[in-house]
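J.: Structure provided below as structure tokens; questions to follow.
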Amino acid sequence: MPTVLHLVRSAVSPLTRTRLFRWCAPRLLPPIERVVAAVSGGRVQLSALLVPSLVLHTTGAKSGEPRDSALMYTPDGHGRAIVAGTSFARDRHPGWTYNLLAHPDAAITVRGRRMPVRASRIADDERDAAWALIEAQWPGYRAYERESGRVVRLFRLQPVAGAHHASM
0 MPTVLHLVRS AVSPLTRTRL FRWCAPRLLP PIERVVAAVS GGRVQLSALL VPSLVLHTTG
60 AKSGEPRDSA LMYTPDGHGR AIVAGTSFAR DRHPGWTYNL LAHPDAAITV RGRRMPVRAS
120 RIADDERDAA WALIEAQWPG YRAYERESGR VVRLFRLQPV AGAHHASM
């Protein structure tokens, strides 16, 4: 990881754990991300300036309608992505986690390229290792789990075999 990026992440990450950020971010970041995506044709994500980011395309658990969520992801070193349902430390799981539980076949867009994936919950005995990877990328991120009062759902997104996909 470039030194400058590491320094920026180390400086910014404590701010993301403040009450003000946790209140503002869920309200402001999604609409800002949508505008940036629309203007760039889906090639740019604001959050991707600091961390690897993707757009998760799911099917609504209840509605069956298509749903999109901009998320930070962590590469696991095996061509897969790990996503954490932190929801800015809110006490409820984010909607996209329910969608993946009901419909694990989904798609992601990374750097403007869409690929099909299959989601699986990360098992309890693998959680600490997954969190270690996530926190190596974004220091202190697991604090969201502690502050939320719930066990955050972690998912591994596996590109579908045989599908052409970009390296994550």
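One point on numbering: in numbering that gives the first Met the number 0, the residue at position 29 of the sequence shown is 28, and numbering is uninterrupted. Note that the Cβ used here is the ideal one computed from N, Cα and C, for glycine as well.
Cutting at 6 Å between CB atoms, please list the residues of its own chain near Thr96, excluding the five before and the five after it.
T.: Counting from one through the sequence shown, the residue named residue 96 turns up at place 97. Here the set comprises Gly84, Arg152.
J.: If you draw a straight line from the C-alpha of Arg149 to the C-alpha of Asp127, how long is it?
T.: Reading the sequence shown from its first residue, position 150 is the one you call residue 149. Reading the sequence shown from its first residue, position 128 is the one you call residue 127. If you take the alpha carbons of Arg149 and Asp127, they lie about 15 Å apart.
J.: Looking only at its own chain, which residues have a Cβ that is under 6 Å from the Cβ of His102, when we skip the five neighbours before and after it?
T.: Your numbering for residue 102 matches position 103 in the sequence shown. Cβ within range, chain order: Thr58.
J.: Just the Cα atoms here: how many angstroms apart are Leu27 and Glu64?
T.: The residue you call residue 27 lines up with position 28 of the sequence shown. The residue you call residue 64 lines up with position 65 of the sequence shown. Looking at the two C-alpha atoms, the distance is approximately 23 Å.
J.: Can you tell me which of Pro13, Val50, Trp137, Leu55 puts its alpha carbon nearest to the alpha carbon of Arg33?
T.: Locating residue 33 in the sequence shown gives position 34, counting from the first residue. Nearest option by C-alpha distance: Leu55.
J.: May I have a chain-ordered list of the beta strand (DSSP E) segments no shorter than 3 residues that lie completely inside the stretch 51 to 119?
T.: As far as the stretch 51 to 119 is concerned, its whole beta strand (DSSP E) runs of at least 3 residues are 52 to 58, 65 to 71, 80 to 83, 104 to 109.
J.: Which residue or residues does DSSP assign as beta-bridge partners of Gln136?
T.: Here residue 136 is taken as the residue at index 137 of the sequence shown, counted from 1. Partner(s): none; Gln136 has no beta bridge.
J.: If you follow the alpha helix (DSSP H) that Arg145 is part of, which residue opens it and which one closes it?
T.: In the sequence shown, residue 145 corresponds to position 146, counting from 1. 142 to 147 is the span of the alpha helix (DSSP H), which, as asked, contains Arg145.
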